[in-house]
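Student:
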Amino acid sequence: MTLDENSQKLSETKAGWQPGLILTGPFAIFGRAAIRWTNHLGASAVFLFLACLKIFRPKQLTKIVQQIYYVGARSTMIIILVGLFTGMVLSLQSYYTLVKVGAQGALGTLVALSLVRELGPVLTAIMITARAGSAITAEIGIQRISEQIDALDTMRIDPLGYLVSPRIAAAVISFPLLTALFDLIGIIGGYISGVILLGANAGTYLFRVQSSMEMKDVTDGFVKAVVFAVIVSTVCCYQGYFAHLRTDSHGAKAVGLATTSAVVFSCVLILVADYIVTSLLI
2 MTLDENSQKL SETKAGWQPG LILTGPFAIF GRAAIRWTNH LGASAVFLFL ACLKIFRPKQ
62 LTKIVQQIYY VGARSTMIII LVGLFTGMVL SLQSYYTLVK VGAQGALGTL VALSLVRELG
122 PVLTAIMITA RAGSAITAEI GIQRISEQID ALDTMRIDPL GYLVSPRIAA AVISFPLLTA
182 LFDLIGIIGG YISGVILLGA NAGTYLFRVQ SSMEMKDVTD GFVKAVVFAV IVSTVCCYQG
242 YFAHLRTDSH GAKAVGLATT SAVVFSCVLI LVADYIVTSL LI
C-alpha cells in the first residue's frame, strides 16, 4: 500500500465516513425504530398486566367510581354533541346517495349499522382520548416530574395500584356505556335529518333501524369499545408514568410532549385495532 493510499484511508477514518454506511444507513434507521417500538410494546404490555392485577385489591372501588365520573360522566355532553351531528351528517349524505338509486327506504339500515358497527365505537374512543386521555397523561406526568410518585413509593403506596389501575377499570366500564349513548343519539340525529328535514318516511326509517340490527352487531360494537378502552387507558397512563424518561426533553416540556404522543398514538392504535377487530369478528 502506497503512502497516498495510507493517507486517504487515514483521512476517511478520521472523518468517520465508511462507504458501507451509504447502503446500510437507511436500514439501520428503520431497525432502531423497530427495536424502540418493540421495547415500548413489551414494556406497555407488562405495565398493563401489572395494573390489571391490582384492580381487585381492597379499597379500589371508591377510586374506580371517582374515575368513572371523571372519564365517563364528564364526557357525556361531548359524546351527545358529536353523536347528534354525526348521525345528522351521515343521514344527509346517505339520503342523497340512496335517492339516486331509488333506495331511500334503506336510510335507517345504513345509519343504524354504520353507527353501531363502526362510527360509534371509533368516534367515542377518539373523543374520550381527546378530552379525558390527554388529561390523564398530563396529570400523571406532572405527578412524575414533581416527584409525587416517588413520594408514594416512599410511603409504601403502590403507584400502579393507586394511579393506573382505577383509570383502566373506569375506562373499560365507561367506553361501552358512552358508545351505546353515541349510537342512540346518532340514530336520533339521523331521524331528525332524514325524516324531519328531508322528508323521508318515519315508519320506514324506524322499521329499518329495528329490523336490520341484530344482537351480534351490538355486541361487536361493545367488543370494540372494550378493546379501545384498554388501548387508550394503557397508552395514556404509560406515557404519563414514564414522562421523566423522555430523551428529547425534560420537566414541563416532557409532560407536554408525552400528552401529545399519548393522543396521537391512541388515535392511530384505535384505527389499527378497529381494522384488526373487525376482520376477526366478521
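Quick note: to get this note's numbering, add 1 to the position in the sequence shown (first position is 1).
All C-beta atoms, glycine included, are put in the ideal place defined by N, C-alpha and C.
For residue 226 and residue 235, what's the separation of their Cα atoms in angstroms?
Tutor: Those two C-alpha atoms are separated by around 14 Å.
Student: What does the alpha-carbon distance come out to for the pair residue 94 and residue 242?
Tutor: Spanning the two alpha carbons is a distance of roughly 43 Å.
Student: Taking DSSP as the reference, what is the three-state secondary structure of residue 151?
Tutor: Helix, per DSSP.
Student: Can you tell me which of 223, 110 and 238 puts its alpha carbon nearest to the alpha carbon of residue 259?
Tutor: Ranking 223, 110 and 238 by Cα distance to residue 259 puts 238 first.
Student: What does the Cβ neighbour count give for residue 240, buried or exposed, with the cut at 16 atoms within 10 Å?
Tutor: The residue is buried, with at least 16 neighbouring Cβ atoms inside 10 Å.
Student: By Cβ distance, which residues of its chain are closer than 6 Å to residue 186, with the 5 residues on each side in sequence left out?
Tutor: Same-chain partners within the cutoff: 81, 84 and 85.
Student: As an exercise, report each continuous beta strand (DSSP E) stretch of at least 3 residues that is fully enclosed by the region 115–195, in chain order.
Tutor: Listed in chain order, nothing qualifies, since the region 115–195 has no complete beta strand (DSSP E) run of 3 or more residues.
Student: Check whether the Cβ atoms of residue 142 and residue 244 sit closer than 8 Å, and answer yes or no.
Tutor: In contact: residue 142 and residue 244 (Cβ atoms closer than 8 Å).
Student: Using 8 Å for Cβ pairs, my map puts residue 277 next to residue 232. What's the rounded Cβ distance?
Tutor: Not a contact, Cβ separation roughly 11 Å.
Student: Along the alpha helix (DSSP H) that carries residue 84, what are the first and last residues, could you check?
Tutor: Residues 77–101.
Student: So the candidates are 109, 108, 174 and 118; which of them puts its Cα closest to the Cα of residue 280?
Tutor: Of the listed residues, the one whose Cα sits closest to residue 280 is 118.
Student: Is there contact here, the region 46–58 with the region 107–116, by at least three beta-carbon pairs under 8 Å?
Tutor: With a cut-off of 8 Å, the region 107–116 and the region 46–58 do not count as touching, because too few Cβ pairs lie within range.
Student: Straight-line CA distance for residue 41 to residue 184?
Tutor: Distance between the alpha carbons of residue 41 and residue 184 is about 34 Å.
Student: Would you kindly report the start and end of the unbroken alpha helix (DSSP H) that includes residue 209?
Tutor: Note, residue 209: alpha helix (DSSP H), 203–213.
Student: Can you have a look at residue 78 and say buried or exposed, based on whether 16 or more other CB atoms are within 10 angstroms of its CB?
Tutor: Exposed, by the Cβ-count rule.
Student: Under 8 Å, with one C-beta from each stretch per pair, do the region 147–154 and the region 213–222 reach the 3-pair mark?
Tutor: Contact fails: fewer than three Cβ-Cβ distances are below 8 Å.
Student: Three-state secondary structure (DSSP) at residue 247?
Tutor: Three-state DSSP puts residue 247 in coil, outside helix and strand.
Student: To the nearest angstrom, how far is it from the Cα of residue 265 to the Cα of residue 190?
Tutor: Going by the C-alpha atoms only, they are around 29 Å apart.
Student: If you follow the alpha helix (DSSP H) that residue 282 is in, where does it begin and where does it stop?
Tutor: Run containing residue 282: 253–282, per the alpha helix (DSSP H) assignment.
Student: Applying the criterion that 16 or more other CB atoms from any shown protein chain within 10 Å of the CB defines a buried residue, is residue 263 buried or exposed?
Tutor: The residue in question, residue 263, is buried, as its Cβ has 16 or more Cβ neighbours within 10 Å.
Student: Taking contact to mean at least 3 C-beta pairs separated by less than 8 Å, is the region 60–79 in contact with the region 173–183?
Tutor: Yes, the region 60–79 touches the region 173–183.
Student: For residue 112, I'd like the list of residues in its chain whose CB is within less than 6 Å of its CB, leaving aside the five on either flank, ordered along the chain.
Tutor: If we look at residue 112 and ignore the five residues flanking it on each side, its Cβ neighbours are 91, 92 and 191.
Student: Among 199, 188 and 182, which one has its Cα closest to the Cα of residue 207?
Tutor: Considering only alpha carbons, the answer is 188.
Student: Whose C-beta lies closer than 7 Å to the C-beta of residue 261 among residues of the same chain, with five residues either side of it excluded?
Tutor: Within the same chain, residue 261 has no close Cβ partners at all.
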